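Numbering (full-length UniProt numbering), first residue to last: 1 to 362. Heads up, the beta-carbon is just placed ideally off N, CA and C, and yes, glycines get one too. Just so we're clear, the structure is a prediction, and the values are computed from it rather than from any experiment. To keep things clear, I will list the structure first and then write my remarks on it.
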């Protein structure tokens, strides 16, 4: 059976949607057709659609509640990619799923574990109604980065995991396009940049170590007045494979460094953000107890790979080749929920003056 090329809509036309999603849609026209660009405002929707005319000449701009309802009713649109502020994103995701649309949403999947419990319950109710639920995927590109996947393989080769150190110095200043992002500065969003960026580093930790964080003792601080609180987190954590680790995350750093270093019984695996031949990516190095050290570098491709994987999954589901439950597990909503739960545990522990807390399961 020939697979059908699905129609997709892009919900959101902000900085990230236009800089990352639009170029990816341009590169996968053989896999999917972008039919609509939607935004809450007419001006932004039209500007976003204009960027897509060169590869999707029939793309439409839609906006507001009326435009959203038109997308939900359009049978030629099989899936939506949702790139909106975290405070409003989850509500539109659930509405899209209830309308029968497959969904790829940006991380974080939600703003809190409590919010996610309610959303997951609504998703599960679709299945109990006798209807096959659509794909609910979450775009966490770290799970698709080739270097991080390679690091996970090398950690398995390196024997028992003893400990891990995570360092994330993410200089968030006026040179960063997301510095002035209103939704990340919303006082009602607990965690601010720590939540939005922290899920990346937790996703990398879980992938590389092949284990889950079970408990943590953490202190969060607010050190840079130009950033919303908190902007720094120092955490000690335990994983379900028996290893312990530390995480130091700072958005007020003046330097940039992202690193995971995993100490194992047969050697050490080190992963660090790097640049080679002008390309940004991650350098993975394995220092074994015996034999020669080895290294691997790959340029960033996670965003493109996750969007293409979603489009291919939608194509296969629409064509009857697979079911939604067989979609790429790296984008599964359960993975993204756990990332949020770990970051929330850091913040809960800090609220309790560094007391040991368990990561809440959803």
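In the three-state scheme derived from DSSP, where H, G and I count as helix and E and B as strand, residue 223 is classed as coil. When the Cα atoms are used, residue 44 and residue 11 turn out to be separated by approximately 11 Å. Annotation: residue 237 to residue 203 spans about 14 Å, alpha carbon to alpha carbon. Take residue 322, set aside five residues on each side of it, and the residues of its chain with a beta-carbon closer than 8 Å to its own are 313, 316, in chain order. Residue pairing by DSSP places residue 120 in no beta bridge whatsoever. Taking 9 Å as the cut-off, the beta carbon of residue 233 is found closer than this to the beta carbon of residue 247.
Between the region 144-154 and the region 268-282, the count of C-beta pairs closer than 8 Å reaches three or more; the two stretches touch. For residue 58, no alpha helix (DSSP H) run applies, since DSSP gives it neither H nor E. For a cut-off of 8 Å, the C-beta gap from residue 249 to residue 209 is around 17 Å, too long to register as a contact. Taken in chain order, the complete beta strand (DSSP E) segments of 3 residues or longer contained in the region 77-102 are 79-82. Separation of residue 135 and residue 38 (C-alpha to C-alpha, rounded to the nearest whole angstrom) is 20 Å.
Sequence-distant partners of residue 67 (beyond 5 residues in either direction) whose C-beta falls short of 6 Å from its own C-beta, in its chain, are 38. In the DSSP assignment, residue 260 falls within the unbroken beta strand (DSSP E) covering 257-264.
Look at residue 241 here: in three-state DSSP terms it is coil, with no helix or strand label. Taking a 10 Å sphere around the C-beta of residue 329, we find fewer than 16 other C-beta atoms and assign the residue as exposed.
When DSSP states are grouped into helix, strand and coil, residue 210 belongs to the coil group.
Taking a contact as a CB-CB distance under 8 Å, the pair residue 103 and residue 137 counts as one, their CB atoms being some 7 Å apart. Around residue 35, the same chain offers 7, 8, 9, 56, 58, 59, 60, 74, 76, 77 as residues with beta carbons nearer than 8 Å, after the five sequence neighbours per side are excluded. With a 10 Å radius around the Cβ and a threshold of 16 neighbouring Cβ atoms, residue 255 comes out exposed. The beta-carbon separation of residue 362 and residue 113, rounded to 6 Å, stays under the 8 Å limit for a contact.
Between residue 199 and residue 54, the beta carbon gap of about 33 Å keeps them out of contact (Cβ cut-off 8 Å).
Ranked by Cα distance from residue 354, the options 333, 308, 228, 235 are led by 235. Residue 107 is positioned such that its CB atom lies closer than 9 Å to that of residue 139.
Out of 201, 212, 187, the CA that lies nearest to the CA of residue 229 is found in 187. About 4 Å separates the beta carbon of residue 17 from that of residue 83, a gap short enough to meet the 8 Å contact definition. A direct Cα-Cα distance of roughly 31 Å separates residue 85 from residue 356. The C-alpha of residue 180 lies about 8 Å from the C-alpha of residue 174. Minimum Cα-Cα distance from residue 276 among the listed residues 257, 298, 261 corresponds to 298. Take the alpha-carbon of residue 345 and the one of residue 358: they are about 7 Å apart. Out of 278, 183, 197, 158, the CA that lies nearest to the CA of residue 171 is found in 197. A straight-line Cα-Cα distance of about 8 Å links residue 183 and residue 189.
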